[in-house]
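A.B. asks: Handing you this structure, nothing more for now.
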Amino acid sequence: MLENGSVSNSSSSLNVTDGLQWFDFNVGFHGISPDNNTPEIKKVVEKNGDQVIDIRPFMIPRPFTAHENDSIQKCLDLFRLMNLRNLPVLNEDDGSLIGMITRQDLFAFMSV
């Protein structure tokens with residue numbers, strides 16, 4: 074669990090400053106691909122592989138969603154009106170997650 078800048082469980086804790094920087098949480102967002110084979114990352118994973126971070130406080134309880142048969146116009150409208158970055162796509166029958174539409178997906182679609 075993340076508490077006061079550290080990741081912890083009942084047996085040990087890791088201060089975020091022990092090797093994980095803000096950059097480590099943002100790779101991939103701006104065209105930067107992570108290098109997961111560095112000795113530092115392997116060491117942190119081996120030492121803290123059983124750690125858990127509770128992200129529920131940062132989640133939206135009822136996010137906007139689309140169903141698999143919704144129109145692209147509905148998705149575009151949701152993205153524009155609600156300033157979304159991602160839109161989960163749900164199965165109409167059981168509500169299970171079947172995909173994710175990103176802002177980049179829509180940009181790619183609109184440029185075709």
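Using my numbering, read the sequence shown as starting at 74 and increasing by one per residue.
The beta-carbon is built from N, C-alpha and C at its ideal position, and this holds for glycine as well.
Keep in mind that this is a model prediction, so the values were computed, not measured.
1. Are there three or more Cβ pairs, one per stretch, closer than 8 Å when the region 120-138 is compared with the region 150-163?
2. What would DSSP say about P130, mapped onto helix, strand or coil?
3. If you compare alpha carbons, which of V117, V118, I174, A181 is closest to K147?
4. Output the distance between the C-alpha atoms of I114 and I128, rounded to the nearest integer angstrom.
5. Measuring CB to CB, does I145 end up less than 8 Å from F182?
6. How big is the Cα-Cα spacing for E165 and P130?
7. Taking the alpha-carbon positions, what's the N170 to E141 distance?
C.D. replies: Let me lay it out:
1. yes
2. helix
3. I174
4. 21 Å
5. yes
6. 27 Å
7. It should be noted that the sequence gives Leu, not Asn, for residue 170. C-alpha separation (whole angstroms): 10 Å.
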